[in-house]
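Colleague: Taken in order, these protein sequences are the chains called A and B.
Be aware that the first sequence starts at 903, since it is given in this note's numbering, and climbs by one per residue.
Be aware that the second sequence starts at 90, since it is given in this note's numbering, and climbs by one per residue.
Attaching a single structure in structure tokens format; questions to follow.
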Amino acid sequence: MSVIVYTENWDGKFKKLSFELASYATKLAEMLGSEAVALSLGPVGEEELRKLGKYGISRILSMENNSLEPFDPRLYTGAIASAAGRESAGVIIMANNNTGKALAPRLAVRLKAAICPGAIRLPESTAPFVVSKRVFSGNAIARTELKTGVKIITLTQNSFDLVERPVEPRIETIDAGLDGGTSPLRIKEVQKQSGNLLLTDAEIVVSGGRGMKSSENWGPIEELAELLGGATACSRPVSDEGWRPHEEHTGQTGKIIAPNLYFAIGISGATQHLAGISSSKYIVAINNDKDAPVFEAAQYGIVGDASKVLPKLVKALRKAKSE
Amino acid sequence: MNILVCISQVPDTTTRVKFTGNNTKLDTTGIQWVINPWDELSLTRSLELKEDASAGVDRVSVAHVGPASSEPTIRKALAIGADDAYRVNTEASGAFPVAVQLAKVVREENFDVILCGIESSDYNGSSVGGMLAELLDYPSVSGISGLNVENGEPELIREIDGGKEVLSLPVPFVGIVQKGIAKEPRIAAMRGIMQARTKPIRVIDPDEVEPLAEYLDFEPPQPRPACIFIDPDHPEKLIGLLQNEAKVI
Ligand SMILES: Cc1cc2nc3c(=O)[nH]c(=O)nc-3n(C[C@H](O)[C@H](O)[C@H](O)COP(=O)(O)OP(=O)(O)OC[C@H]3O[C@@H](n4cnc5c(N)ncnc54)[C@H](O)[C@@H]3O)c2cc1C
Ligand SMILES: Nc1ncnc2c1ncn2[C@@H]1O[C@H](COP(=O)(O)O)[C@@H](O)[C@H]1O
């Protein structure tokens, strides 16, 4: 009954979230007295694969197959299910992101497994198997019992710290088990987003709301994000107005993120906005209304006019960085 | 082409959630139920396509798994413009049972495009769409932010890490919808509300199915400590706190 962790790579490089998943899987395998095995789909070099060993992964199954392009959840489900069968997997761990959300439910039906979507911590017990997740857009936490033999957990990003447990992993190349299946999906065009760091991957996010007044005032937000190595984001009305691209919109109907640090600038803090960002470790709010609800969610606040505060903040940050 | 929009009903997004029975159940007193926001957008987009003669959409239906008490939500969808509705007459008790009931509806009827939302805004399950597709052995596409149909041929926009893809695939399929598919949800007009009264809702008996997972209880999240305010003339203090106290920069 091994613990299988489904890793994700981007152009052959693992993202940090794969190491979070690996750390989580290693801990869970310890709880279950079993082994954590990583699954990697697509071309990833050996050196990159070995990085998973740092987080306690002793065995890595690597699948390369041309039919894994484009991303077709039905085919991927087949590939993961065949690996799960081969390893007699007890638990499968994935990220609670677009990929995990596309695969986990299909896999659950295929394997007759229960899912805990968006788990925020390790299971509190493994018999019965009880794990917690956020519900009501972060307004409550639910303890969920998974009652099936095989279980699937999708882990909320940034909710589990990396744990280093270096081991020398064994790498096995395995067949994707697609039985000659090919995808009916035809990709006609790919539109790459401009250089901006991926919002869902960023550890620091600088976000602006309607209080920024117009798209022309985004200079200091971009500057702050760049200085901090972070990404930019916005509230929904800002993307509706077309001041910013809609990929940047965070909140209940936009992206749900959990960075280490989130700046909410000229954002009132409506529940629907907070639903997408309230899992951030730290929230800094800048708003000229001292009663804005955003201050209830924030640890640090500045009451003031963003157009005056931001340039000063950028200047102070430059100074701090040069010291 | 026929489109089926699966709709869940959720507490209005401004609801203050409370629990009863030792925190084991949602306290539904005073809750205003609405159509899950993504489903409202899927319905809006489907109706736009139906009105566009070149798309070739003949019918837009909605399906809901829930008891008779959820009919007002279904009537709302009909008032917005859906042609007809299916209700599987059972309590929605988890993603898997709901997907099984929806699969029953799809097997009995003839739908080309089936739309589900990326998640219900209450339990944030993100599961029903994918499960439904797997039960039907249909392809599924997640993260859809655009849907076009030209002479019955669908074209989808899928959000991927670092960009988007424009893709096509033959029907039938399940599309799992996120933001962007329609700009604003359509609101029911008086005429629509009148028409909705006579539109058909077919009530279907549920299949027997055991839930695979169960919510044991709920805890409200810990309140955050009070905000520390920093003098707007001294932003360097904020930077100091972020560096030394929070240790995040
Ligand atoms: C079903 C549903 C889903 C929704 N989903 C989302 C979502 O996903 N994401 C989202 O963001 N919203 C969402 N909304 C909208 C949400 O309810 C709010 O309307 C929205 O978040 C408000 O955006 P805002 O804070 O930028 O604007 P406002 O509410 O207008 O707030 C602007 C803020 O800027 C401050 N301000 C003004 N001038 C200045 C200045 N010079 N300097 C500093 N501060 C200033 C004001 O005090 C105010 O607090 C949703 C709504 C519904 C009904
Ligand atoms: N009771 C239900 N009846 C019909 N469709 C549902 C129901 N519950 C969920 N769905 C569909 O599944 C999507 C995702 O819901 P969930 O998996 O519950 O987060 C929703 O946006 C709906 O399209």
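A virtual CB, placed ideally from N, CA and C, is assigned to each residue, including glycine.
Source: prediction; values computed, not measured.
In terms of residue numbering, what span does the alpha helix (DSSP H) encompassing B:Ile120 cover?
Modeller: Numbered from 1 along the second sequence, position 31 holds the residue referred to as residue 120 of chain B. Element bounds for B:Ile120: n/a, residue is neither H nor E.
Colleague: DSSP three-state label for A:Ser1141, please.
Modeller: Here residue 1141 of chain A refers to the residue found at position 239 of the first sequence. Correct three-state label for A:Ser1141: helix.
Colleague: Mind checking which residues open and close the alpha helix (DSSP H) that includes A:Lys1221?
Modeller: Taking the first residue of the first sequence as position 1, residue 1221 of chain A is located at position 319. Its alpha helix (DSSP H) spans residues Ala1208 to Ser1224.
Colleague: Between A:Arg961 and chain B, is any beta-carbon pair separated by less than 8 Å?
Modeller: Along the first sequence, read from residue 1 onward, the residue named residue 961 of chain A stands at position 59. No, its Cβ sits nowhere closer than 8 Å to a Cβ of chain B.
Colleague: By the criterion of Cβ-Cβ separation under 8 Å, what are the contact partners of B:Leu204 in chain A?
Modeller: Stepping through the second sequence from its first residue, residue 204 of chain B is reached at position 115. Residues of chain A passing the Cβ test: none, with the nearest at roughly 15 Å.
Colleague: From this set, B:Ala335, B:Gln332, B:Ile328 and B:Lys336, which residue's C-alpha is nearest A:Leu1215's C-alpha?
Modeller: What you label residue 1215 of chain A is simply residue 313 of the first sequence in a count that begins at 1. Looking at the Cα atoms, B:Ile328 is the closest of the given residues.
Colleague: Strictly by DSSP, which residues pair up with A:Phe916?
Modeller: Here residue 916 of chain A refers to the residue found at position 14 of the first sequence. The partner list for A:Phe916 (beta bridge, DSSP) reads A:Asn911.
Colleague: Keeping to the same chain, check which residues put their C-beta closer than 7 Å to that of B:Ala285; ignore five residues upstream and five downstream.
Modeller: Position 196 of the second sequence, counted from the first residue, corresponds to residue 285 of chain B. Arg164, Leu167 and Ala168.
Colleague: Smallest Cα separation from A:Cys1136: which of A:Leu1129, A:Phe1197, A:Pro1147 and A:Asp1063?
Modeller: Here residue 1136 of chain A is taken as the residue at index 234 of the first sequence, counted from 1. Cα-wise, what sits closest to A:Cys1136 is A:Pro1147.
Colleague: Report buried or exposed for B:Gln121, applying the criterion of at least 16 other Cβ atoms within 10 angstroms of its Cβ.
Modeller: Taking the second sequence and counting its residues from 1, one reaches residue 121 of chain B at position 32. Label assigned to B:Gln121: exposed.
Colleague: Against A:Arg1036, what residues of chain B qualify as contacts under a CB-to-CB distance less than 9 Å, listed in chain order?
Modeller: The sequence position of residue 1036 of chain A within the first sequence is 134, counting from 1. Per Cβ cutoff of 9 Å: Asn213 and Pro310.
Colleague: What are the residues of the segment 1080–1097 of chain A that lie near chain B, defined by any Cβ-Cβ distance shorter than 8 Å?
Modeller: Answer in chain order: Ser1085, Pro1086, Leu1087, Arg1088, Ile1089, Lys1090, Glu1091, Val1092, Gln1093, Lys1094 and Gln1095.
Colleague: Shorter than 7 Å, the distance from the beta carbon of B:Val99 to the closest heavy atom of ligand 1, or not?
Modeller: In the second sequence, residue 99 of chain B corresponds to position 10, counting from 1. No, the beta carbon of B:Val99 sits no closer than 7 Å to any heavy atom of ligand 1.
Colleague: May I have the straight-line CA-CA distance separating B:Glu223 from B:Gln332, to the nearest angstrom?
Modeller: Position 134 of the second sequence holds residue 223 of chain B. Position 243 of the second sequence holds residue 332 of chain B. B:Glu223 and B:Gln332: Cα-Cα distance of roughly 48 Å.
Colleague: Check whether the segment 147–154 of chain B touches the segment 175–183 of chain B, taking contact to mean three or more Cβ pairs, one atom from each stretch, closer than 8 Å.
Modeller: The segment 147–154 of chain B vs the segment 175–183 of chain B: in contact.
Colleague: Could you check where the beta strand (DSSP E) with B:Glu325 kicks off and where it finishes?
Modeller: Along the second sequence, one-based indexing puts residue 325 of chain B at 236. Unbroken run through B:Glu325 is the alpha helix (DSSP H), Pro324 to Gly329; no beta strand (DSSP E).
Colleague: Return the first residue and the last residue of the alpha helix (DSSP H) that B:Asn91 is part of.
Modeller: Residue mapping note: residue 91 of chain B aligns to position 2 of the second sequence, counting from 1. B:Asn91 -> not in any alpha helix (DSSP H); beta strand (DSSP E) instead, spanning Asn91 to Cys95.
Colleague: So A:Gln1093 is in the alpha helix (DSSP H); what residue range does that whole segment cover?
Modeller: For the purposes of this step, residue 1093 of chain A is identified with residue 191 of the first sequence, where counting begins at 1. Run containing A:Gln1093: none in the alpha helix (DSSP H); it sits in the beta strand (DSSP E), Arg1088 to Lys1094.
Colleague: For A:Val907 and B:Gly251, I'd like the C-alpha separation in whole angstroms.
Modeller: Here residue 907 of chain A refers to the residue found at position 5 when the first sequence is read from its first residue. Here residue 251 of chain B refers to the residue found at position 162 when the second sequence is read from its first residue. C-alpha separation (whole angstroms): 23 Å.
Colleague: Is B:Glu208 near ligand 2, with its Cβ less than 7 Å from a heavy atom?
Modeller: Here the question's residue 208 of chain B lines up with position 119 in the second sequence. Checking every heavy atom of ligand 2 against the Cβ of B:Glu208, one is found closer than 7 Å.
Colleague: If the cut is a Cβ gap below 9 Å, which residues of chain B does A:Gln1154 touch?
Modeller: For the purposes of this step, residue 1154 of chain A is identified with residue 252 of the first sequence, where counting begins at 1. Simply Thr102, Pro126 and Ser210.
Colleague: Work out the CA separation of A:Met933 and A:Glu1198 for me, nearest whole Å.
Modeller: What you label residue 1198 of chain A is simply residue 296 of the first sequence in a count that begins at 1. What you label residue 933 of chain A is simply residue 31 of the first sequence in a count that begins at 1. When rounded, the distance between both Cα atoms is 37 Å.
Colleague: Run through chain A and tell me which residues come within less than 8 Å of B:Pro156, C-beta to C-beta.
Modeller: Residue mapping note: residue 156 of chain B aligns to position 67 of the second sequence, counting from 1. None at all; the shortest Cβ gap to chain A is about 21 Å.
Colleague: Considering A:Phe1197, what are the terminal residues of the alpha helix (DSSP H) in which it resides?
Modeller: Reading the first sequence from its first residue, position 295 is the one you call residue 1197 of chain A. Per DSSP, A:Phe1197 belongs to the alpha helix (DSSP H) from Val1196 to Ala1199.
Colleague: Any heavy atom of ligand 2 closer than 7 Å to the beta-carbon of B:Ala181?
Modeller: Mapped onto the second sequence, residue 181 of chain B falls at position 92. Answer for B:Ala181: yes, Cβ within range of ligand 2.
Colleague: Tell me which residue opens and which closes the alpha helix (DSSP H) that B:Leu191 is part of.
Modeller: On the second sequence, residue 191 of chain B is found 102 positions in, with the first residue counted as 1. Its alpha helix (DSSP H) spans residues Ala184 to Glu197.
Colleague: Is there a Cβ from chain B that is less than 8 Å from the Cβ of A:Glu1047?
Modeller: Translated into the one-based positions of the first sequence, residue 1047 of chain A becomes position 145. For A:Glu1047, the answer is yes, since a Cβ of chain B falls inside 8 Å of its Cβ.
Colleague: Contact check, A:Leu930 vs A:Leu1013 under 8 Å by CB: the rounded distance?
Modeller: Residue 930 of chain A sits at position 28 when you count from the first residue of the first sequence. Residue 1013 of chain A sits at position 111 when you count from the first residue of the first sequence. Not really, about 17 Å apart at Cβ, beyond 8 Å.
Colleague: Which same chain residues end up closer than 6 Å to A:Tyr1202 when comparing Cβ atoms and leaving out the 5 residues on each side of it in sequence?
Modeller: Along the first sequence, one-based indexing puts residue 1202 of chain A at 300. Val1186.
Colleague: What does B:Val255 reach in chain A if we use C-beta pairs closer than 9 Å?
Modeller: For the purposes of this step, residue 255 of chain B is taken as residue 166 along the second sequence, with counting starting at 1. Correct list: Ile1089, Lys1090, Glu1091, Val1092 and Gln1093.
Colleague: Any chance the segment 1068–1080 of chain A sits against the segment 962–970 of chain A, with 3 or more Cβ pairs inside 8 Å?
Modeller: Enough Cβ pairs lie closer than 8 Å, so yes.
Colleague: Ligand 2 and B:Tyr212: does the residue's C-beta get closer than 7 Å to at least one heavy atom of that ligand?
Modeller: Translated into the one-based positions of the second sequence, residue 212 of chain B becomes position 123. For ligand 2, at least one heavy atom lies less than 7 Å from the Cβ of B:Tyr212.
Colleague: Between which residues of its own chain and A:Tyr1164 is the CB-CB distance below 6 Å, once the five residues before and five after are set aside?
Modeller: Looking up residue 1164 of chain A in the first sequence gives position 262. Cβ neighbours of A:Tyr1164 beyond the five flanking positions: Val1107, Ile1179, Ser1182 and Ile1185.
Colleague: Does any residue of chain A bring its CB to less than 8 Å from the CB of B:Ile96?
Modeller: Your numbering for residue 96 of chain B matches position 7 in the second sequence. So no, B:Ile96 is outside the interface.
Colleague: Closer than 5 Å from C-beta to any heavy atom of ligand 1: which residues, in chain order?
Modeller: Every residue passing the under-5 Å Cβ criterion appears here: A:Gly1111, A:Arg1112, A:Gly1113, A:Ser1137, A:Arg1138, A:Pro1139, A:Gly1153, A:Gln1154, A:Thr1155, A:Gly1156, A:Gly1168, A:Ile1169, A:Ser1170, A:Ala1172, A:Gln1174, A:His1175, A:Asn1189, A:Asn1190, A:Asp1191, A:Ala1194, A:Asp1207, A:Ala1208, B:Thr102 and B:Pro126.
Colleague: Assuming B:Tyr227 contacts B:Val263 under a Cβ cut-off of 8 Å, what Cβ separation, rounded to an integer in Å, is found between them?
Modeller: Start at 1 with the first residue of the second sequence, and residue 227 of chain B comes out as number 138. Start at 1 with the first residue of the second sequence, and residue 263 of chain B comes out as number 174. Confirmed, Cβ separation roughly 5 Å.
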